[in-house]
Amino acid sequence: MREDSPRELEADRWNKLILLEQGEVGVWMERKVRVVEKKEKRYDGAVLVEGVPDPGLVGAIAASYMVSELQLEEVAFLDSPLFPPFIVLHNSEVLEPVRLYAGDNILVLISEIPIHPVIARPVAEAVIEWGTDKGVEQVVSLGGLNTPNRIDIERPEVYCIVGDGVDKKKLEKAGVKFMSEGLLGGVKAMIVREAIMRGVPTVALLAEAFGEYPDPGAAAEVLKVLASYLTIEIKVEPLLQQAEEMRIKLKELMKRTVAAMKSPVTGASQIAPSYFI
Amino acid sequence: MEEWFERIRKIIDSYFESVETALESFFTTSERTSGCLEPLHKVVETPSEVIVSFDLPGVDKRDISLRATETTVELRAEARNIVRFRGLRGEETITCKYYKIVYLPARVRPHMARAKFRNGVLEVRLPKKAAGYEIEIE
């Protein structure tokens with residue numbers, strides 16, 4: 000008997016899930032993602048920073064580091080039947096896997112599960128719709144760009160994608176390069192698209208990274224640019240000191256993220272984008 | 000009807016599998032029992048080479064042993080420190096030894112392989128055995 004590759008099995012599993020859902024509850028993709036707040040509050044003028052798992056887990060590492068470094072408070076979580084059935088235990092406390100944290104004029108989205116490309120759109124729509132309703136005035140997406148010769152790069156460059164209404168001079172000062180051509184896919188691409196469609200100034204900061212290995216070095220570069228751009232203080236030295244341990248601990252999340260990015264469901268493989276962000 | 004049950008059973012199985020994967024959040028069960036971590040690795044095939052890389056955080060160059068045959072690359076490495084983490088059963092530690100045998104997608108010339116190690120990432124380049132012969136077009 001032929002042995003199915005993990006990739007085929009993954010596709011098979013998602014196809015079956017879609018079939019089951021369609022049969023039982025109607026159109027699967029219509030089922031929405033919602034943001035559940037712990038306490039109703041407005042965030043007028045805040046910046047929404049997003050760092051869900053991505054190539055090199057650059058955004059994920061950077062965003063979680065911001066949460067601990069800036070001592071942000073958990074304010075909301077994302078809820079959806081589209082997510083795999085997980086909860087997270089942290090210090091004996093039960094947490095949702097996709098959470099929003101807030102601090103002084105800043106909101107940070109983190110996720111402990113990869114967001115499958117199949118649900119990228121509803122997730123992006125829910126987050127940006129909620130954010131704009133709450134008064135968010137800018138969206139910043141943090142991530143990595145899969146760079147094949149990363150092993151030879153000592154200090155990764157940070158590239159950016161900008162929408163209208165963004166202070167480009169400030170970004171130039173922070174030392175980023177503007178991306179001019181490319182095809183981008185994945186949940187980050189959908190967040191950028193949704194924010195631009197809603198007229199919110201949007202920036203995606205993407206560092207050169209190992210696509211398939213956790214890359215705290217790239218995350219540090221992204222954070223340096225972000226700190227300079229938003230004029231906030233983020234010390235990256237402690238992040239670099241923990242880098243090795245972090246790389247070991249993030250091994251399994253990295254593996255699952257790579258599997259999700261490579262999943263051939265939705266026909267994404269036929270129109271494979273240059274970059275999954 | 001039977002087919003339908005089979006389908007549902009498979010879906011339930013796949014749910015359990017994903018839950019199991021989540022419980023293994025840091026390390027897999029076999030890694031816990033053997034004490035050997037399977038490093039993240041990647042195999043890329045070009046027309047003339049097979050490139051294998053491994054992510055080996057916490058490892059010094061002198062603690063890596065690398066062996067290749069025409070069809071495999073075998074890696075053993077030991078990390079400097081043990082890693083402490085908060086697992087399902089509270090504080091746990093794991094000694095970081097890495098082991099992985101990679102089966103190559105093409106036959107290579109192992110004696111001509113080159114390797115480099117930077118910032119905890121090891122990259123091995125193995126030239127393919129038959130890189131192809133030029134065919135004259137009449």
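Top line first, the protein sequences correspond to chains A and B.
So that you can map any letter, position 113 of the first sequence is 112 in numbering that gives the first Met the number 0, and since no number is skipped, the others follow by simple counting.
So that you can map any letter, position 64 of the second sequence is 63 in numbering that gives the first Met the number 0, and since no number is skipped, the others follow by simple counting.
All residues carry an ideal CB built from backbone N, CA and C; glycine is no exception.
Here the structure is a predicted model, which means the values were calculated and not measured.
Could you tell me the boundaries of the alpha helix (DSSP H) in which residue i lies?
i: residue 257/A; result: 250–261
i: residue 171/A; result: 167–172
i: residue 240/A; result: 236–240
i: residue 219/A; result: 215–229
i: residue 67/A; result: 57–68
Is there at least one non-hydrogen atom of the ligand NAD closer than 7 Å to the beta-carbon of residue i?
i: residue 33/A; result: No copy of the ligand NAD occurs in the structure displayed, which carries no ligand at all.
According to DSSP, simplified to helix, strand and coil, what is residue i?
i: residue 115/A; result: coil
i: residue 120/A; result: helix
i: residue 89/A; result: strand
i: residue 105/B; result: coil
i: residue 131/A; result: helix
i: residue 96/A; result: coil
i: residue 27/A; result: For residue 27/A, the predicted structure reports a pLDDT of 46, less than 50, and the residue's modelled location is therefore unreliable. The matter cannot be settled from this model.
i: residue 191/A; result: helix
i: residue 21/A; result: The predicted position of residue 21/A is uncertain, since its pLDDT is 44 and thus under 50; a value taken from the coordinates is nonetheless stated next. Helix, per DSSP.
i: residue 83/A; result: coil
i: residue 232/A; result: coil
i: residue 134/B; result: coil
i: residue 160/A; result: strand
i: residue 32/A; result: coil
i: residue 129/B; result: coil
i: residue 186/A; result: helix
i: residue 149/A; result: helix
Is it buried or exposed, residue i, if we count other Cβ atoms within 10 angstroms and call 16 or more buried?
i: residue 146/A; result: buried
i: residue 32/A; result: buried
i: residue 210/A; result: buried
i: residue 112/A; result: buried
i: residue 21/A; result: Confidence in residue 21/A is poor, its pLDDT being 44 and thus under 50, which makes the residue's placement unreliable; the coordinate value appears in the next sentence. Answer is exposed; the Cβ neighbour count stays below 16.
i: residue 151/A; result: exposed
i: residue 89/A; result: exposed
i: residue 176/A; result: exposed
i: residue 22/B; result: Per-residue confidence for residue 22/B stands at a pLDDT of 49, beneath the threshold of 50, marking its modelled position as unreliable; no derived number is given.
i: residue 49/A; result: buried
i: residue 128/B; result: exposed
i: residue 256/A; result: buried
i: residue 24/A; result: Note that residue 24/A has pLDDT 38, beneath the 50 cutoff, so the model's placement of it is unreliable and the number below is only indicative. So residue 24/A counts as exposed.
i: residue 201/A; result: buried
i: residue 240/A; result: exposed
i: residue 104/B; result: exposed
i: residue 123/B; result: buried
i: residue 79/B; result: exposed
i: residue 38/B; result: buried
i: residue 140/A; result: buried
i: residue 43/A; result: exposed
i: residue 5/B; result: exposed
i: residue 236/A; result: exposed
i: residue 121/B; result: buried
i: residue 63/A; result: buried
i: residue 115/A; result: buried
i: residue 266/A; result: With a pLDDT of 36 at residue 266/A, under the threshold of 50, the predicted position of this residue should be treated as unreliable, and no value is reported.
i: residue 60/B; result: exposed
i: residue 246/A; result: buried
For the beta strand (DSSP E) containing residue i, list its first residue and its last residue.
i: residue 49/A; result: 46–50
i: residue 142/A; result: 137–145
i: residue 49/B; result: 48–54
i: residue 42/A; result: Looking at the DSSP string, residue 42/A is not in any beta strand (DSSP E), and its letter there is neither H nor E.
i: residue 289/A; result: Because chain A in this structure spans residues 0 to 276, residue 289/A falls outside the shown range and cannot be described.
i: residue 201/A; result: 201–208
i: residue 121/B; result: 120–126
i: residue 44/B; result: 40–44
i: residue 58/B; result: 58–67
Interface residues of the stretch 90–119 of chain B facing chain A [CB-CB below 8 Å]:
Per Cβ criterion, the list reads 95, 115, 117, 118 and 119.
Which of the residues in the stretch 71–88 of chain A, read from start to end, lie with their CB under 7 Å from any CB of chain B?
83, 84 and 85
Which residues of the stretch 31–58 of chain B have a Cβ closer than 7 Å to any Cβ of chain A? Give them in chain order.
39, 41, 54, 56 and 57
Taking Cβ-Cβ distances below 9 Å as the criterion, which residues of the stretch 49–66 of chain A are in contact with chain B?
none
Take every Cβ of the stretch 130–142 of chain A, pair it with every Cβ of the stretch 33–44 of chain A, and state whether three or more of those distances are shorter than 8 Å.
yes
Is it true that the stretch 50–65 of chain A meets the stretch 244–253 of chain A, where meeting means three or more beta-carbon pairs spaced less than 8 Å apart?
yes
Could you please tell me which residues of the stretch 209–237 of chain A, in chain order, have their CB closer than 8 Å to any CB of chain B?
209, 211, 212, 213 and 216
The stretch 174–194 of chain A touching the stretch 148–164 of chain A, judged by at least three CB pairs closer than 8 Å
yes
Near-chain B residues of the stretch 150–163 of chain A - C-beta to any C-beta below 8 Å
Flagged, chain order: 150 and 151.
Assess contact between the stretch 68–76 of chain B and the stretch 50–59 of chain B, defined as three or more Cβ pairs (one per stretch) separated by less than 8 Å. Is contact present?
With a cut-off of 8 Å, the stretch 50–59 of chain B and the stretch 68–76 of chain B count as touching, because enough Cβ pairs lie within range.
Specify whether the stretch 63–81 of chain A and the stretch 99–107 of chain A touch according to this definition: at least 3 beta carbon pairs, one from each stretch, less than 8 Å apart.
yes
The stretch 165–175 of chain A touching the stretch 215–229 of chain A, judged by at least three CB pairs closer than 8 Å
Proximity of the stretch 165–175 of chain A to the stretch 215–229 of chain A meets the contact definition, three or more beta-carbon pairs being nearer than 8 Å.
Residues in the stretch 241–252 of chain A with C-beta within 7 Å of chain B's C-beta atoms, listed in sequence order?
Cβ contacts with chain B come from 243, 244, 246, 247, 248, 250 and 251.
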